[in-house]
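Protein sequences appear in the order of chains A and B. Going by full-length UniProt numbering, the first sequence opens with residue 1, and the numbers climb by one from there. Going by full-length UniProt numbering, the second sequence opens with residue 1, and the numbers climb by one from there. Glycine included, each C-beta is placed from N, C-alpha and C at the ideal position.
2 protein chains.
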Amino acid sequence: MAPTETAAPSAFDDPTYRTGIVELLGVLAYGEISACERLAEDARMAPDLRVKVEIAAMAVAEFGHFEQLRDRLVEMGEDPFDAMAPFRDTFERFHRQTSPSDWLEGLVKAYVGDGLASDFYREVATYLDPSTRELVLDTMSGTGHSEFVVDQVRAAIEAEPRVGGRLALWGRRLMGEALSQAQMVVAERDALSTVLVGGIDRPGMDLAAIGRMFTRITEAHAARMETLGLAA
Amino acid sequence: MAPTETAAPSAFDDPTYRTGIVELLGVLAYGEISACERLAEDARMAPDLRVKVEIAAMAVAEFGHFEQLRDRLVEMGEDPFDAMAPFRDTFERFHRQTSPSDWLEGLVKAYVGDGLASDFYREVATYLDPSTRELVLDTMSGTGHSEFVVDQVRAAIEAEPRVGGRLALWGRRLMGEALSQAQMVVAERDALSTVLVGGIDRPGMDLAAIGRMFTRITEAHAARMETLGLAA
C-alpha cells in the first residue's frame with residue numbers, strides 16, 4: 001500500500017492506528033474543554049476573588065491544552081468536534097458523578113484530575129508515533145497551579161481537621177469514577193485500545209504491562225493525596 | 001517635592017493622579033475578570049460545543065487582559081485585589097441587571113460590552129501618561145471574536161425575525177445600564193474622575209469634551225448594533 005500521509009512510510013499508513021489517534025486526540029480534547037468548563041463553574045464557589053482568579057487561571061491553562069489538541073486534529077484533516085463527540089457522554093457522566101459541593105472539593109478535583117491526566121498522558125505517550133508523542137507530552141504539562149491548591153487544602157485542614165476526612169473520601173471517589181470511566185472508554189473504542197495494546201507489527205502493552213500501568217497511576221495518585229495531607 | 005517613582009519627574013509625582021490611575025486600573029481589571037466570569041457562565045447556555053468553545057475563547061481573552069492590568073498594579077507596588085475591591089458592587093449590579101436569558105443575549109452582551117469597553121479605553125487613553133496609555137491601548141484590543149458573534153446573531157435573526165426585536169431591546173438595556181453604572185463610578189471616585197477631567201496643571205476634558213465623548217461612544221454603539229442587524 002502506498003503511503004498516503006507523507007512521502008516516507010508512517011504509522012498513519014495503518015488505518016486502525018490513524019483512527020486510534022483521532023480517537024485519542026478527541027478524548028483528550030474533550031477532557032480538556034470539559035475540565036476548563038467545570039473549573040470555570042467551580043470558580044463561582046470560590047470564597048474570594050484571589051481564589052477565583054487562581055481557579056480561572058487553571059481553566060485558562062486547560063483551554064490552551066484544548067486548543068493544541070484541536071489544532072492537531074484540524075492539521076490531520078479531521079473535524080475536531082466530530083472527533084470529540086463520541087466522548088461527550090463519558091465526561092458528562094464523570095462530572096455529574098463528581099460535582100463538587102464546595103470550592104475545596106473543586107480544588108481537589110482539579111488537582112487530582114490534572115495529576116491523573118498527566119500520568120495517563122505520559123504512559124500513553126510511550127506507544128505513540130514521535131509527532132503525536134511530542135504533542136501529548138506538551139499538553140500534559142499540568143496547569144502549573146499545584147502549589148496554590150496544596151497550600152489552600154492544607155490550610156483548610158489545619159483550620160478544621162474534619163475537612164481532611166471528607167476530602168480524603170472525595171479523593172477516593174474521584175479516582176474510582178475516573179478509572180471506571182476510563183475503562184469504559186477503552187472497552188468501547190477498539191482503535192483507541194489498539195493504540196495502547198499495539199497491532200500485529202507494532203509493540204504495545206500486554207495485559208501485564210497494563211496492570212503495571214494502573215499500579216503506577218494508583219501509586220502516583222496516593223502520593224498526590226499525601227501531598228495534599230489526605231489519606232489515599 | 002522629590003520624585004518618588006522614577007529619577008525623572010513623572011505624572012505619578014502627583015498623588016491624586018497616582019490614586020486615579022490605581023483606581024482606573026482597578027476598575028478595568030475588575031471589569032475584565034467579571035466579564036471573563038460571566039462569559040464562562042453564559043457558555044453553559046451555548047447550543048453546541050462549537051459555540052461553547054468560541055465563548056470560552058472570548059473568556060480566555062478577557063482573562064489575558066485582566067492579567068496585564070493586574071501585573072501593572074503589582075509593578076506599581078499595589079495589591080491588585082485591594083485596587084479592584086471598590087468596584088465589585090458596581091459590576092455585580094451591572095451583571096445582575098443584565099443577566100442574559102439565552103446564549104444569543106449572552107453573545108450580544110459580550111459583543112456590545114467589549115465594544116463599549118474598547119471605546120472607553122481609547123477615549124480615556126488620551127489623558128494618561130505614556131506608559132499607562134500603552135497598557136490601556138494594549139488591553140483594549142477586544143477579544144477578536146466579533147465576526148463569530150455577528151454571524152451567529154445575523155443567522156438567528158434570519159431564522160426567526162422576531163429575535164431581532166428582542167435583541168434590539170436587549171442592546172438598549174445593556175447600553176443604559178452600562179452608562180448608569182459608569183456615571184456612578186465617576187461620581188463616587190474623585191481621583192479617577194480627576195484623571196479624566198485633568199488637574200490644575202494637567203489637561204483633561206471639560207464638560208463639553210465629556211459630552212462629546214459620550215456622543216462618540218453612543219454613536220459607536222449604534223454602529224455596532226447595526227452591524228449585528230439590530231436597531232439601536
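Which word fits residue i, buried or exposed, when buried means at least 16 other C-beta atoms lie within 10 angstroms of its C-beta?
{"i": "Asp114(B)", "result": "buried"}
{"i": "Pro130(B)", "result": "exposed"}
{"i": "Thr139(B)", "result": "buried"}
{"i": "Glu92(B)", "result": "exposed"}
{"i": "Leu28(B)", "result": "buried"}
{"i": "Ser99(A)", "result": "exposed"}
{"i": "Gly171(A)", "result": "buried"}
{"i": "Gly74(B)", "result": "The residue asked about is misnamed: residue 74(B) is Val in this sequence, not Gly. Exposed: under 16 other Cβ atoms inside 10 Å."}
{"i": "Asp42(A)", "result": "buried"}
{"i": "Ala56(B)", "result": "buried"}
{"i": "Gly31(B)", "result": "buried"}
{"i": "Phe94(B)", "result": "buried"}
{"i": "Gly106(B)", "result": "buried"}
{"i": "Arg189(A)", "result": "buried"}
{"i": "Ala155(A)", "result": "exposed"}
{"i": "Arg44(B)", "result": "exposed"}
{"i": "Ala83(B)", "result": "buried"}
My understanding is that residue i touches residue j, with C-beta atoms under 8 Å, so please give their C-beta distance in whole angstroms.
{"i": "Leu230(A)", "j": "Ala178(A)", "result": "Contact flag wrong, Cβ pair sits at about 16 Å."}
{"i": "Gln68(B)", "j": "Leu135(B)", "result": "7 Å"}
{"i": "Ile33(B)", "j": "Phe66(B)", "result": "5 Å"}
{"i": "Val197(B)", "j": "Phe87(B)", "result": "That pair is no contact at about 19 Å."}
{"i": "Ala149(B)", "j": "Ala182(B)", "result": "Reading the sequence as shown, one finds Val at residue 149(B) and not Ala. No, Val149(B) and Ala182(B) are not in contact; Cβ-Cβ is about 22 Å, not under 8 Å."}
{"i": "Ala35(A)", "j": "Ala40(B)", "result": "The Cβ separation is near 13 Å, so there is no contact."}
If you draw a straight line from the C-alpha of residue i to the C-alpha of residue j, how long is it?
{"i": "Leu49(A)", "j": "Phe81(B)", "result": "7 Å"}
{"i": "Val51(B)", "j": "Ala232(A)", "result": "39 Å"}
{"i": "Met205(A)", "j": "Tyr127(A)", "result": "8 Å"}
{"i": "Ser146(A)", "j": "Ser180(A)", "result": "25 Å"}
{"i": "Ala168(B)", "j": "Leu174(B)", "result": "10 Å"}
{"i": "Phe63(B)", "j": "Val60(A)", "result": "8 Å"}
{"i": "Asp151(A)", "j": "Leu228(B)", "result": "47 Å"}
{"i": "Ala85(A)", "j": "Arg212(B)", "result": "51 Å"}
{"i": "Ala222(A)", "j": "Arg216(A)", "result": "10 Å"}
{"i": "Glu123(A)", "j": "Ala46(A)", "result": "33 Å"}
{"i": "Phe153(A)", "j": "Gly26(B)", "result": "Reading off the sequence, residue 153(A) comes out as Val, not Phe. Cα to Cα, the separation comes out at about 29 Å."}
{"i": "Asp71(B)", "j": "Arg38(B)", "result": "22 Å"}
{"i": "Arg96(B)", "j": "Phe120(B)", "result": "22 Å"}
{"i": "Leu104(B)", "j": "Leu192(A)", "result": "37 Å"}
{"i": "Thr19(A)", "j": "Thr194(A)", "result": "10 Å"}
{"i": "Glu219(A)", "j": "Ser118(A)", "result": "14 Å"}
{"i": "Asp13(B)", "j": "Gly176(A)", "result": "60 Å"}
{"i": "Ala187(A)", "j": "Met58(A)", "result": "30 Å"}
{"i": "Arg166(B)", "j": "Val108(A)", "result": "42 Å"}
{"i": "Ile157(A)", "j": "Asp79(A)", "result": "45 Å"}
{"i": "Pro161(B)", "j": "Ser10(A)", "result": "52 Å"}
{"i": "Thr16(B)", "j": "Arg133(B)", "result": "17 Å"}
{"i": "Thr6(A)", "j": "Gly77(A)", "result": "Residue placement at Thr6(A) cannot be trusted, given a pLDDT of 49 that sits under 50; what the coordinates show is reported in the next sentence. About 13 Å."}
{"i": "Leu137(B)", "j": "Met225(A)", "result": "45 Å"}
Can you check whether the C-beta of residue i is within less than 7 Å of a C-beta belonging to chain A?
{"i": "Leu167(B)", "result": "no"}
{"i": "Arg224(B)", "result": "no"}
{"i": "Asp79(B)", "result": "no"}
{"i": "Ala56(B)", "result": "yes"}
{"i": "Glu5(B)", "result": "Confidence in Glu5(B) is poor, its pLDDT being 49 and thus under 50, which makes the residue's placement unreliable; the coordinate value appears in the next sentence. Closer than 7 Å: no."}
Taking Cβ positions only, does residue i come closer than 7 Å to chain B?
{"i": "Leu137(A)", "result": "no"}
{"i": "Leu25(A)", "result": "no"}
{"i": "Phe63(A)", "result": "yes"}
{"i": "Val60(A)", "result": "yes"}
{"i": "Arg50(A)", "result": "yes"}
{"i": "Ala40(A)", "result": "yes"}
{"i": "Ala117(A)", "result": "no"}
task = Can you check the segment 23 to 63 of chain B for any beta strand (DSSP E) of at least 3 residues that lies completely inside it and give the ranges in chain order?
result = You should have found no qualifying run.
inquiry  = Which complete alpha helix (DSSP H) runs does the segment 84 to 119 of chain B hold, if anything under 4 residues is left out?
reply    = Within the segment 84 to 119 of chain B, the runs of alpha helix (DSSP H) at least 4 residues long that lie entirely inside it are, in chain order, 88 to 97.
task = Taking only runs that begin and end inside the segment 154 to 187 of chain B, name each unbroken alpha helix (DSSP H) of 4 or more residues, in chain order.
result = For the segment 154 to 187 of chain B, not a single whole alpha helix (DSSP H) run of length 4 or above is found.
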